[in-house]
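In this note's numbering, the protein residues as written are 11 to 346.
Here a beta-carbon is modelled for each residue, glycine too, at the ideal position from N, C-alpha and C.
As structure tokens, the structure follows; a few thoughts come after it.
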């Protein structure tokens, strides 16, 4: 029998036991409650179900703990036996008491079925569980013994395989040593021949490399000489270009300075006359306004110098601002 079948049997035993316990408890409560109610004061009739519940609770404890102890292979001693038989006798007595008081033999027999079945089921279930536990323990011991036998056999087989493999390795190592010695001897002879050939090749290569190095050195010296000559020419050309650039910049600065001086002289000539006594021609007035704008004079002063209205001068100032956003000083050469 395997573990699945054992668990199935335990489950069937547990389910059947608890069905019998539940039915017996229900039947006991329904049978004992009226008896307890007749022997209880009227104001305490509601306590009648407590007695069968207490007795049946003790039955549940006994059945449950006996099953656990049996599964673990333990024994609770004499007190669990006393509790089991005491609760069983109490259940029988309470169930048949009413029929016995009425001298109803059939009622006594009928009402004693459930408690007697409960007692016998509890004892039989305990015996079944102990027997199952003993069988499971024996089965586990047998399996453990078989596993140990298999493990020992596996260890012996592994040791035999390792021994055979070790012998084969030793034999292969001996053959390999002989093969290596032979190969080493052949390799030494081959190495000596290769060394002689390599030495001769090295000497030839060294002579060839020496000749190539001398040729490279000559070529490098020539290239360096050409490079120095090229650098000298490039340096002279760069110096010449730099001198020309400086001369151009100096000429441009002189020209700009002369242009600025000429513009300043023209502005001074336009502004030296002072306020105009009459309205100047438009072309001349524009030049005067341009010069005043370049000098940063206010609009009223420019209007006095050209004789035109402030509104006209303001419009010319705005045109000059729009055409020269960098400021009035940028217009210094505009009158030339």
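Among the options, nearest to residue i - alpha-carbon criterion
i	options	result
residue 285	170, 29, 306 and 302	302
residue 33	305, 17, 152 and 69	69
residue 40	193, 59 and 321	59
residue 27	204, 71, 42 and 270	71
residue 309	327, 195 and 296	327
residue 124	102, 113 and 143	102
Residues near residue i by beta carbon distance below 7 Å, same chain, minus five either side
i	result
residue 289	317 and 318
residue 174	none
Own chain residues within Cβ distance below 8 Å of residue i, not counting five before or after
i	result
residue 127	30 and 34
residue 233	none
residue 121	41, 105, 106, 108 and 109
Rounded C-alpha distance that separates residue i from residue j
i	j	result
residue 208	residue 170	53 Å
residue 201	residue 244	58 Å
residue 305	residue 259	27 Å
residue 250	residue 242	12 Å
residue 347	residue 104	No information on residue 347 is available, as it lies outside the stretch 11 to 346 that the chain covers here.
residue 189	residue 178	16 Å
residue 88	residue 94	10 Å
residue 99	residue 111	17 Å
residue 187	residue 197	14 Å
residue 37	residue 96	19 Å
residue 297	residue 322	13 Å
residue 345	residue 300	Confidence in residue 345 is poor, its pLDDT being 36 and thus under 50, which makes the residue's placement too unreliable to answer from.
residue 337	residue 248	Unreliable positioning characterises residue 337 in this predicted model, as indicated by a pLDDT of 43, which lies under 50. The coordinate reading is nonetheless provided below. Straight-line Cα distance between these residues: approximately 38 Å.
residue 252	residue 246	10 Å
Close beta carbons around residue i, own chain, < 6 Å, minus the five adjacent residues each side
i	result
residue 293	none
residue 25	none
residue 332	none
Span of the alpha helix (DSSP H) around residue i
i	result
residue 314	309 to 316
residue 333	320 to 333
residue 114	It is not in any alpha helix (DSSP H) - residue 114 carries neither H nor E in the DSSP assignment.
residue 306	It is not in any alpha helix (DSSP H) - residue 306 carries neither H nor E in the DSSP assignment.
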